[in-house]
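Chains as they are written, first to last, in the numbering used here: chain A, 1 to 133; chain B, 1001 to 1284.
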């Protein structure tokens, strides 16, 4: 198991490689130094920069591994919340049935066949929704 | 008043009291969740970091020798980061959904029903019962709102420690991208210095174009750095505002204090998102 301290150590080492490469940079940029020497120095600086990159790759891997427990815990909370959302959806569907029943009662009370048929149809849809989740 | 009506009245009083205790407009929470999800919904900054070696290899050295700067295989770190970002995004979406108020509003229908019944000269259906039934249906949605709000609070409190740890981890990763970007910038700068040194003396046109290219590159790197800084700022803001919700949704008083603060974070999150997308638009 890696720790945040391991990642911090790796980043410190990476910084040291970067600083070593930085020290070469003025010579790479020095117009008084022969071009071929400058190119060689540049290649040397690339090797140092590459080490810094690799160390940071390792640090990033360690950081993600370290969080695996937290990731699993957050996943579990999300699953719990999704179940609650499922329950709410079911209750909402029941409320929809109640609403349709109210409309049906109103249609019956007013005695209009078209209204009754329409309310019955809406009620059937809502009941189907409850039955099929 | 019949026994049925007395029972109905008592039931309504209980439901009303329950609803009044727990309901509040959580639109601020929904908006915060949606904006947060838009920040964590992209893994492009991580992908950019993964592709550092490939990107540098495409920059030709004088003499067309590619820059070879092995970074090690970054696929795994990127994929894990991508999963974390997707998880935080899903969390925000679920939190937003739980804070949603999409229940049916039947109050208007109940009022309509009452009017229709009053207009009738006579009916075999007991009007008061039908009307009371409608009112019960209408009020049932209110305690459900209260239940939903309770569950939002529970989710936020339970998830907060894990979310804080993950956001801190994402911030640490952004710090790694930032350090890498600085290194990449130095490599390109040194490469350009060599390129300029190789330009034949007196070729002012080539010299001018190279310097303009260098200046353009410099601007692009600055934009990317600003995008990464904005990303870090947004992650911190999401962490702080989420933490404030742990106790901020407990009572009406705390809700009244917390939700305006949440809305105030809106502008900063949108600005961060814009800076991030500007950074990702830079082609080097």
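Where is the CB? At the ideal position from N, CA and C, for every residue including glycine.
- It is roughly 8 Å from the alpha-carbon of residue 1177 of chain B to the alpha-carbon of residue 1228 of chain B.
- Rounded to whole angstroms, residue 46 of chain A and residue 1072 of chain B show a C-alpha spacing of 14 Å.
- Of B:1149, B:1043 and B:1094, the smallest CA-CA separation from residue 1079 of chain B is found for B:1043.
- A residue is called buried once 16 or more other Cβ atoms fall within 10 Å of its Cβ, and residue 1066 of chain B, having fewer, is exposed.
- Around residue 1091 of chain B, the beta-carbon contacts reaching into chain A at under 7 Å are 74 and 78.
- Around the beta carbon of residue 54 of chain A, 16 or more other beta carbons lie within 10 angstroms, which makes this residue buried.
- By the 16-neighbour rule on beta-carbons within 10 angstroms, residue 1032 of chain B is buried.
- Taking each of A:80, A:67, A:123 and A:65 in turn and checking the Cα distance to residue 93 of chain A, the smallest one comes out for A:123.
- Per DSSP, residue 1143 of chain B has no beta bridge partner at all.
- Taken atom to atom, the span from the alpha-carbon of residue 11 of chain A to that of residue 19 of chain A is near 12 Å.
- Of the candidates B:1255, B:1083 and B:1283, B:1283 places its Cα closest to the Cα of residue 1216 of chain B.
- Residue nearest to residue 1100 of chain B within the set B:1135, B:1183, B:1213 and B:1030 is B:1030 (criterion: CA-CA distance).
- B:1187 is the residue among B:1187, B:1235 and B:1147 whose C-alpha sits nearest the C-alpha of residue 1058 of chain B.
- One thing to note: residue 1088 of chain B has its Cβ no nearer than 9 Å to the Cβ of residue 1157 of chain B.
- By the Cβ neighbour-count rule, residue 62 of chain A is buried, with 16 or more other Cβ atoms within 10 Å of its own.
- Below 8 Å, enough C-beta pairs join the region 1037-1054 of chain B and the region 1220-1239 of chain B to call them touching: three or more.
- The shortest CA-to-CA distance from residue 81 of chain A to any of B:1191, B:1147, B:1076 and B:1183 is the one to B:1147.
- Only residues of its own chain outside the window of five on either side were considered, and among them 1221 have a CB closer than 7 Å to the CB of residue 1185 of chain B, listed in chain order.
- Counting C-beta pairs with one atom in each stretch, the region 104-120 of chain A and the region 1165-1176 of chain B have fewer than three that are closer than 8 Å, which means they do not touch.
- Among the CB atoms of chain A, one or more fall inside 9 Å of the CB of residue 1074 of chain B.
- Cβ contact annotation for residue 1232 of chain B (same chain, cutoff 6 Å, sequence separation greater than five): 1171 and 1174, in chain order.
- For the pair residue 1082 of chain B and residue 1046 of chain B, the CB atoms are nearer than the 9 Å cut-off.
- Boundaries cannot be given for residue 112 of chain A, as no alpha helix (DSSP H) includes it and DSSP labels it neither H nor E.
- Listed in chain order, the non-local C-beta contacts of residue 13 of chain A below 6 Å within the same chain comprise 55, local neighbours out to five positions each way being set aside.
- In this structure, the straight-line span from the alpha carbon of residue 1208 of chain B to that of residue 1218 of chain B is close to 15 Å.
- Shown here, residue 1070 of chain B sits in coil according to DSSP, grouped into three states, outside any helix or strand.
- Following the DSSP letters along the chain, one finds residue 57 of chain A inside the alpha helix (DSSP H) bounded by residues 35-66.
- Sequence-distant Cβ neighbours of residue 1275 of chain B in its own chain, meaning closer than 6 Å and more than five residues away, are 1226, 1227 and 1230.
- With contacts defined by Cβ atoms closer than 9 Å, residue 1183 of chain B and residue 52 of chain A form a contacting pair.
- In the structure shown, residue 132 of chain A adopts coil according to DSSP, grouped into three states.
- Listed along the chain, the chain A residues whose CB falls inside 8 Å of the CB of residue 1165 of chain B are 67 and 70.
- Secondary structure of residue 1251 of chain B (DSSP, three-state): coil.
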